[in-house]
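Let me begin by presenting the structure, written as structure tokens, before commenting on it.
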Amino acid sequence: MKTLKNALIATSVAVLSVGIAPLTKAQQSFDVKKVVSSMTLEEKASLVVGKGMQMDPSVKQTAPVVGHTDQLVPGAAGISASFPKYGITPMVLADGPAGLRIEPKRKNDKATYYCTAFPVATVLASSWDIDLVKRVGMAMGNEVHEYGADILLAPALNIHRNPLCGRNFEYYSEDPVVAGNIAAAMVNGVQSQGVGTSIKHFAANNQETNRNTVNNLMSERAIREIYLEGFRIAVQKSQPWTVMSSYNLINGTYTSESYDLLTTILRDEWGFKGFVMTDWFGGLDPVAQMKAGNDMIMPGMPKQSTAIIEAVKSGKLSMQELDRNCERILNIMLLSPHFQNYKFSNHPDLNAHALVTRQAATDGMVLLKNEKATLPIAGSVKKIALLGNTSYAIIKGGTGSGNVNAAYSIDLLQGLDNAGYKISPSLKESYLNFLKAEKAKLPKLSANDMMFGHITHIGEMPVNQAKAAILAAENDIALITIGRNSGEGIDRKVDGDFNLTKKEMSLLTEISAAFHAKGKKVIVVLNIGGVIEVASWRNLADAILLAWQPGQEAGNSIADVLSGKVNPSGKLTSTFPMSYKDVPSSKSFPGIELPNPHPKAAVSDFLSAKPAESTYDDGIYVGYRYYNTFKVPVAYEFGYGLSYTTFTYSNLSLSSNTFSNAITATVTIKNTGNVAGREVIQFYLSAPASSLDKPNEELKDFTKTSMLKPGESQQITFTISPRDLASFNTAASSWIADAGTYTVKIGASSRDFRQTATFSLPTEIVVEKAHKALAPSRTFNELKPQK
Ligand code: BGC
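Take the sequence shown: its letters are residues 95 to 881, numbered as in my numbering.
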């Protein structure tokens, strides 16, 4: 074995343009091309098919599979093949977006392997803080490294097209500039630790209903401007080691089988250098996947290797294509901790990471309402009536592959107690007894049900008028938590999920009436993973804090904001509409099931989802692009969020009034309130309409001030590039900046523009020629504003 490995020692250095650290000796001496050319067809076909799970019912499992994930890192989602004779080591791939997901306990082992449950992706994005997200990524990456994994299956950056998508908590935003930049920060953080990432799910995995079979009918412009743009930003700003293709089809082709997507766009146009893997059991045809540039099939089934071998033998797949895929995998393997024989400790510094998660969560919380300075909680408040099930059983994060097995999670009861507040003891006892009794009644869920979105929701404990009056007499303030959970496999529902349940409404109504009658205030904390309806009940609360699903330090993080220890600075990365019917995709989401399976809609043996189609008739008008352009009132707009202080914006100046290559925009932000705080500054642009309709405004960049003391100012500069001016012109397959007048809008939100200025572009610029790709096979009506 050793001799063969030595024989493969390279004379030239392998081309590793995706590496971050200087090449080690072992990396330099491994000649990827030479190794691949020495491998047999069978070995190559085995390398491109994962080895983590043995789930093919047609193959009888008589002995443990060599290289099974559980032999390396139990609970990891997958593993790549290893060939010791060539020096090819396995790569351990593990979820996910809120932290490393592995088994916390192992057979015959007293040690524990807990990981930090960081705030879910939406919280991180709501901080709009690139440095913070990078720091979280570094802590996450350190856990990946120290627990012996090689690639984190994250971040996930699909667009919040519709609030009902069950996985929105794993994603960042309705806007690709936010999603792409936050994802890049996460990748840069994780990969700085010497491990890889897999940005997912590429692309347009915007629903869980029929996720394995749904064909998204989409316009090229919507694909480019909305659904791919975040991935482009992430690829170009962070070069993730890998990309995970999605389950769905785009315009008739599985994304994992799409050459247009995985080669023409991802590699040729954007310059991606790593390898692409499928989502688990994604797509149908392993040969089409190989040809398209989906280099690795996960979690891998022996029959996929067999199909690849047969295709090479019959000439359907060329050896060059297979070699190319193998080389891409091995180029990344060279970077992996396993290849470098890293001696992981199994002891990441969980205490230090708990501090990171506690802070990150506070920075992503969004203060939605704060009448009469209800928050921070006044010093005179001693006793709190703490209501709502999730105050006592906090939801730290969503379910499925986005779940993290953390050692603990701090509920709000404990967080408030730690912060020195007194919680009504009788109420606490009632809730704990109630929750215990209700939990006992719940049906036992199988591991599979728990993995795939089956949420057991306990209805709120009833509090009648008389009880509410007693609570109002005995306590200084009421704090009600509303909780929501969701996960992969199932989308959320409108009734009782997007909308509040009857029991929640009744709790809010009774408590609000009783406390307000006594001149006492009501605070609502939203412990949710995705957008809900707020317009119909928000008048019952004096203050609303959107805490999202804030990770394992949840209670402490929430208490930090409620008490004023931390001044909230998060802003919404997705719109809260007035009602579900206002959502532009509400009529088309989640599409229709097809009565007659179309030929490509059969599904792999394991998944019995029905063939389906989802028509993206909302086009580019997703989120605020729709609400602003079509002048639809919203409850809380994209970019919105309050602070305990106030800021003024002044002195916007542009470096020129005429655009040639770039323009800089400079603005001054001043803290005019009484406490220190940070402000998210949003840079929007309104482009002139041409033959193409344009949204009223689009976010092009953002930043966050440093911590400004009262009276302190900071100057912020944005640079506007030609790409910022451009829209995707389908007829020309190009990004074109139309001639005309552009308006710069510096906003505290997408509806609160504090400073504006204009510049002109004298003649059209073809900013980038793209390829004709991913065209829909048939036309459909797309939403357009009236001229
Ligand atoms: C999810 C992916 C995840 C994979 C491995 C799939 O069901 O869609 O996001 O990384 O499982 O756990």
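We put the beta carbon where it would ideally sit given N, CA and C, even for glycine.
Spatial distance of Ala104 from Gln414 (CA atoms): Confidence is the limiting factor: at Ala104 the pLDDT is only 37, short of 50, which leaves the residue's position unreliable, though a coordinate-based value still follows. Those two C-alpha atoms are separated by around 20 Å.
Where Leu855 sits in the DSSP three-state scheme: strand
Check whether the Cβ of Tyr208 lies closer than 8 Å to any heavy atom of the ligand BGC, and answer yes or no. no
Hey, quick one: how far does the beta strand (DSSP E) through Phe528 stretch, first residue to last? First-last for Phe528: 519–535, but that is the alpha helix (DSSP H), not the beta strand (DSSP E).
Within the same chain, show all residues whose beta-carbon is closer than 8 Å to that of Pro693, passing over the 5 residues directly before and after it, in chain order. Note that Pro693 scores 48 on pLDDT, short of 50, meaning its location in the model is unreliable and no value can be drawn from it.
For Pro689, count the other beta carbons within 10 Å of its own beta carbon; 16 or more makes it buried, fewer makes it exposed. Which is it? exposed
Exposure of Asp699, with buried meaning 16 or more beta-carbon neighbours within 10 Å: A caution first: Asp699 carries a pLDDT of 47, below 50, which makes its placement in the model unreliable, though a value can still be read off. Asp699 should be labelled exposed.
Which of the three DSSP states is assigned to Tyr734 in this structure? coil
I'd like to confirm something about Glu314: is its beta-carbon nearer than 8 Å to some heavy atom of the ligand BGC, or not? no
Cβ pair Leu378, Tyr353 closer than 9 Å: no
Under the criterion of a Cβ to heavy atom distance below 8 Å, does Tyr341 qualify as lining the ligand BGC? yes
DSSP state of Glu862, grouped into three classes? strand
In three-state terms, what does DSSP make of Ile196? coil
Counting pairs of Cβ atoms below 8 Å between the segment 263–281 and the segment 201–212, do you hit three or more? no
Rounded to a whole number of angstroms, what is the C-alpha to C-alpha distance between Val53 and Pro168? Nothing about residue 53 can be reported from this structure: the residues present for the chain run from 95 to 881 only.
Secondary structure at Asn823, three-state DSSP: helix, strand or coil? strand
Let me check you understand the geometry: is the CB of Ser495 closer than 8 Å to at least one non-hydrogen atom of the ligand BGC? yes
Excluding the 5 residues flanking Ser332 on each side, which residues of the same chain have their C-beta closer than 6 Å to its C-beta? Ala278, Val281, Asn282
Thinking C-alpha only, which one of Gln508, Thr357, Ala455 is nearest Asn419? Thr357
On the three-state DSSP scale, how would you describe Leu322? helix
What is the DSSP secondary structure of Val618, counted as helix, strand or coil? strand
Hey, how far is the Cα of Gly144 from the Cα of Phe375? 11 Å
Just the Cα atoms here: how many angstroms apart are Thr575 and Pro116? 50 Å
Please say whether Ile652 and Gly509 have beta carbons closer to each other than 9 Å? yes
Is Leu746 helix, strand or coil when you go by DSSP? strand
To the nearest angstrom, report how far apart Gly161 and Gly491 are at their CA atoms. Only weak support is given to the placement of Gly161: the predicted model assigns it a pLDDT of 47, under 50, and the question is left unresolved by the model.
Three or more C-beta pairs closer than 8 Å, one from the segment 754–769 and one from the segment 472–486: is that the case here? no
For His865, count neighbouring Cβ atoms within 10 angstroms of its own Cβ and tell me buried if that reaches 16, exposed if not. exposed
Return no unless some Cβ of chain C is closer than 9 Å to the Cβ of Ser350. Protein chain content of the structure displayed is limited to a single chain, and chain C is not contained in it.
Using 10 angstroms around the beta-carbon of Phe874, count the other beta-carbons present and answer buried if the total reaches 16, otherwise exposed. exposed
From this set, Val616, Glu687, Ala635, Thr742, which residue's C-alpha is nearest Thr307's C-alpha? Glu687
Beta-carbon proximity of Gly583 to Gly190, cut-off 9 Å: no
State the CB to CB distance for the pair Ser430 and Met185, rounded to an integer number of angstroms; the pair is presumed to be in contact (CB under 8 Å). 5 Å
Contacting residues, own chain, Cβ-Cβ under 6 Å from Asp511 (five flanking each side not counted): none
Should Lys294 be listed as close to the ligand BGC, given that the test is whether its C-beta is under 8 Å from any heavy atom? yes
Where does Pro693 sit, in a helix, a strand or coil, going by DSSP? Any reading at Pro693 is ruled out, since the residue's pLDDT is 48, under 50, leaving its predicted position unreliable.
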